[in-house]
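**Q** Protein chains in written order, with my numbering: chain A, 13 to 218; chain B, 13 to 218. One structure, as C-alpha cells, below. Some questions next.
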C-alpha cells in the first residue's frame with residue numbers, strides 16, 4: 013500500500029534522524045533513505061528540497077525536543093515547590109547535559125551544521141528555535157530579586173546558555189571522571205555567576 | 013634533490029595543516045599530500061603512522077600556537093602595567109577569540125577530532141597541551157586577592173576557559189552583529205563571574 017505524502021515525509025524524517033544519530037551528516041545519504049523507506053530517491057527531494065533542508069528538519073525536531081526537556085524540568089521544579097533561582101537554573105543545565113548525552117552524534121552534527129551555514133542566513137523558523145531556548149532561561153531570571161531590564165535579561169540568558177554549553181561540550185576534551193567533573197564545573201559557573209549578578213545589582217543599577 | 017626525513021616531515025605537516033584549514037579532516041587525503049609534497053604515499057605513513065596521527069600533529073601545532081598567543085597577551089599586559097585580574101582575563105579571552113577567528117576551520121576540526129577520539133585515550137603529549145592552556149589562566153588567578161587553593165584554582169580556570177569557549181563557538185549560531193555581541197557576552201561573563209568569586213571568598217572560605 014502506498015504511503016500518502018505526510019506519511020512518506022514523516023518516514024523520511026525518522027530515517028534521516030537515525031542516520032544522523034549514527035554517523036552525523038556524512039551518513040545522511042539519499043540513496044540509503046530511499047532504500048530504507050522503499051521509495052524513489054526523487055521523492056525525498058520532492059518533499060525536502062535537498063539534504064541540507066532535510067538535515068535542518070531533523071535539527072528542528074531536536075531543538076523542539078530540547079525545549080520540551082527544558083520546560084519539563086521547569087514544570088518539575090514547580091511541582092516540587094522549588095523557587096530558588098540557582099536550583100532552577102541548575103535543573104535546566106541538567107536537562108541540557110542529559111539531552112547532549114542522549115543525542116551526542118546528532119547534537120554535534122547540529123552544531124557543525126550551524127557552523128557551516130551561518131545561522132543568520134537560515135529561515136526564520138529555524139532561528140526562532142534558538143530564541144525559544146534562551147526564553148526558557150530568561151523566564152527563570154524574571155522570577156528573581158535581581159533587577160534586570162529585558163535586554164539585559166536576554167544577554168544574561170545567552171551568556172548562561174553559552175557557558176553551560178561550553179562546559180558540556182568541552183567536557184569531551186577532558187580526562188577521567190568526565191561526568192562528575194562537568195557537573196562540578198556547571199555548579200560552580202551557575203552559582204558564582206548568579207552571586208556576581210546579585211553583587212552587581214547591589215552596587216550599580218542596570 | 014631529495015629531502016631528508018626532517019624536511020619531508022615538516023613539509024607533510026605544512027601541507028596537512030593547510031588542507032585541514034581549507035576543508036577540515038575530510039580534506040586530509042594522503043594522495044593529495046603526496047602529490048603536493050612530491051613524495052610517495054607510503055612516505056607519509058612511514059613518518060606519521062596514519063592520518064589520525066597526522067591530524068593530531070597538526071592539532072598540537074595549533075595548540076602550541078594558541079598557548080603562545082595567550083602568553084604573548086600576558087606579556088603585553090605586563091609591559092603595559094596592567095595588573096587588574098579582570099583586564100588580564102579579558103586579554104586572554106580576546107587572544108582566544110582572535111585565534112578562533114583566524115583558524116575557524118582547523119579549530120572546528122580539532123574540536124571534532126577531540127569529540128570523536130575521547131581525549132583520555134590520547135597520548136599524554138597531546139593532553140598536556142590542554143593542561144598548558146588552563147595553566148595560563150590559573151597563573152592569572154594566582155595573582156589576585158581572591159583566596160583559592162590549587163585544586164579550586166584549576167577548577168575555576170577550567171570553568172572560565174569552557175565558558176568563554178562556549179560563547180565564542182556558539183556565537184556561530186547567532187544573528188547579526190556577531191562580533192560585538194560575542195564580546196559583550198564575554199565581558200559580562202568574566203566580570204560577573206569574578207565578582208561572584210570575590211563575593212564568595214568574602215562570605216565563605218574555600
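Yeah, the Cβ is synthetic: ideal placement off N, Cα and C, and Gly gets one too.
In three-state DSSP terms, what is residue 117/B?
**A** If you number the second chain from 1, residue 117/B lands on position 105. Here residue 117/B sits in helix by DSSP.
**Q** Comparing the C-beta of residue 113/B with each C-beta of chain A, is any distance below 8 Å?
**A** Mapped onto the second chain, residue 113/B falls at position 101. Residue 113/B does not count as touching chain A.
**Q** Residues in its own chain within less than 7 Å of residue 166/A by CB, not counting five upstream and five downstream?
**A** On the first chain, residue 166/A is found 154 positions in, with the first residue counted as 1. Excluding residues within five positions, the ones whose Cβ falls inside 7 Å are 146 and 150.
**Q** Could you name each continuous beta strand (DSSP E) segment of 3 residues or more that falls completely within the segment 123 to 208 of chain A, going from the start of the chain to the end?
**A** The qualifying runs do not exist here; there are none.
**Q** Under a CB-based cut-off of 8 Å, is residue 187/A close to chain B?
**A** Taking the first chain and counting its residues from 1, the one referred to as residue 187/A is at position 175. Below a pLDDT of 50, predicted positions are generally treated as unreliable, and residue 187/A, at 46, falls in that range; the measurement from the model is reported next regardless. Judged by the 8 Å Cβ criterion, residue 187/A is in contact with chain B.
**Q** Which residue marks the beginning of the alpha helix (DSSP H) containing residue 18/A, and which one marks its end?
**A** As a position in the first chain, residue 18/A is number 6, starting the count at 1. Looking at the DSSP string, the run of the alpha helix (DSSP H) that includes residue 18/A is 17 to 35.
**Q** Who are the near neighbours of residue 16/A in its chain, counting only those whose CB is closer than 8 Å to its CB and skipping five residues on each side?
**A** For the purposes of this step, residue 16/A is identified with residue 4 of the first chain, where counting begins at 1. Hits under 8 Å: none found.
**Q** By Cβ distance, which residues of its chain are closer than 6 Å to residue 33/B, with the 5 residues on each side in sequence left out?
**A** Against the second chain, residue 33/B aligns to sequence position 21. Excluding positions up to five away in sequence, the list reads 117 and 118.
**Q** Could you check the C-alpha separation between residue 121/A and residue 93/B for me, to the nearest Å?
**A** Position 109 of the first chain, counted from the first residue, corresponds to residue 121/A. Position 81 of the second chain, counted from the first residue, corresponds to residue 93/B. If you draw a straight line from the Cα of residue 121/A to the Cα of residue 93/B, it is about 44 Å long.
**Q** Just reading off the alpha helix (DSSP H) that residue 84/B is part of, what are its end residues?
**A** Here residue 84/B refers to the residue found at position 72 of the second chain. Per DSSP, residue 84/B belongs to the alpha helix (DSSP H) from 63 to 91.
**Q** Output, in chain order, the set of chain B residues within a Cβ distance shorter than 7 Å of residue 204/A.
**A** Position 192 of the first chain, counted from the start, is the residue given in the question as residue 204/A. Those are 205, 208, 209 and 212, listed as they occur along chain B.
**Q** Taking the continuous alpha helix (DSSP H) assigned at residue 59/A, which residues delimit it?
**A** Numbered from its first residue, the first chain carries residue 59/A at position 47. Residue 59/A -> alpha helix (DSSP H) spans 53 to 60.
**Q** In angstroms with no decimal places, state the Cα-to-Cα distance between residue 207/A and residue 72/B.
**A** One-based indexing of the first chain puts residue 207/A at position 195. One-based indexing of the second chain puts residue 72/B at position 60. Spanning the two alpha carbons is a distance of roughly 37 Å.
**Q** When you compare the CB of residue 170/A with every CB in chain B, is at least one pair closer than 8 Å?
**A** Walking along the first chain from the start, residue 170/A turns up at place 158. Taking Cβ atoms only, chain B reaches closer than 8 Å to residue 170/A, which makes this a yes.
**Q** Reducing DSSP to helix, strand and coil, say where residue 40/A ends up.
**A** The residue given as residue 40/A occupies position 28 in the first chain. Coil.
**Q** Kindly indicate which three-state DSSP category residue 94/A falls into: helix, strand or coil?
**A** To locate residue 94/A, count along the first chain from 1; it is residue 82. DSSP places residue 94/A in coil when its eight states are reduced to three.
**Q** Once you ignore the five residues that flank residue 148/A on each side, which residues in its own chain have a CB closer than 6 Å to its CB?
**A** Residue mapping note: residue 148/A aligns to position 136 of the first chain, counting from 1. The answer, listed in chain order, is 82.
**Q** Have a look at residue 84/B and residue 108/B and give me their C-alpha separation to the nearest angstrom.
**A** By 1-based counting over the second chain, the position of residue 84/B is 72. By 1-based counting over the second chain, the position of residue 108/B is 96. Using only the alpha carbons, I get a separation of about 12 Å.
**Q** Enumerate in chain order the residues of its own chain whose CB-to-CB distance from residue 111/A is below 8 Å, with the five nearest sequence positions on each side excluded.
**A** The sequence position of residue 111/A within the first chain is 99, counting from 1. In the same chain as residue 111/A, and ignoring 5 residues on each side of it, the C-beta atoms closer than 8 Å to its own belong to 77, 78, 81 and 119, in chain order.
**Q** So which residues on chain A does residue 182/B lean against when the C-beta distance must stay under 7 Å?
**A** Here residue 182/B refers to the residue found at position 170 of the second chain. Near residue 182/B (Cβ distances below 7 Å), the residues of chain A are 174 and 177.
**Q** Would you kindly check if the distance between the Cβ of residue 21/B and the Cβ of residue 45/B is under 8 Å?
**A** Locating residue 45/B in the second chain gives position 33, where the first residue counts as 1. Locating residue 21/B in the second chain gives position 9, where the first residue counts as 1. Against a cut-off of 8 Å, the Cβ pair of residue 21/B and residue 45/B comes out as no contact.
**Q** Going along chain B, which residues have a C-beta under 9 Å from residue 88/A?
**A** Position 76 of the first chain holds residue 88/A. Here the premise fails: no neighbours, minimum Cβ distance about 25 Å.
**Q** Using three-state DSSP, classify residue 50/B as helix, strand or coil.
**A** Counting from 1 along the second chain, the entry for residue 50/B is found at position 38. If DSSP states are grouped into helix, strand and coil, residue 50/B belongs with coil.
**Q** Anything in chain B within Cβ reach of residue 48/A, meaning under 7 Å, just list it in chain order.
**A** Counted from its first residue, the first chain places residue 48/A at position 36. Annotation: residue 48/A has no Cβ neighbours in chain B at a cutoff of 7 Å; minimum Cβ distance is about 24 Å.
**Q** How long is the line joining the alpha carbons of residue 128/A and residue 41/B, rounded to whole angstroms?
**A** In the first chain, the residue the question calls residue 128/A occupies position 116. In the second chain, the residue the question calls residue 41/B occupies position 29. So the two alpha carbons sit approximately 21 Å from each other.
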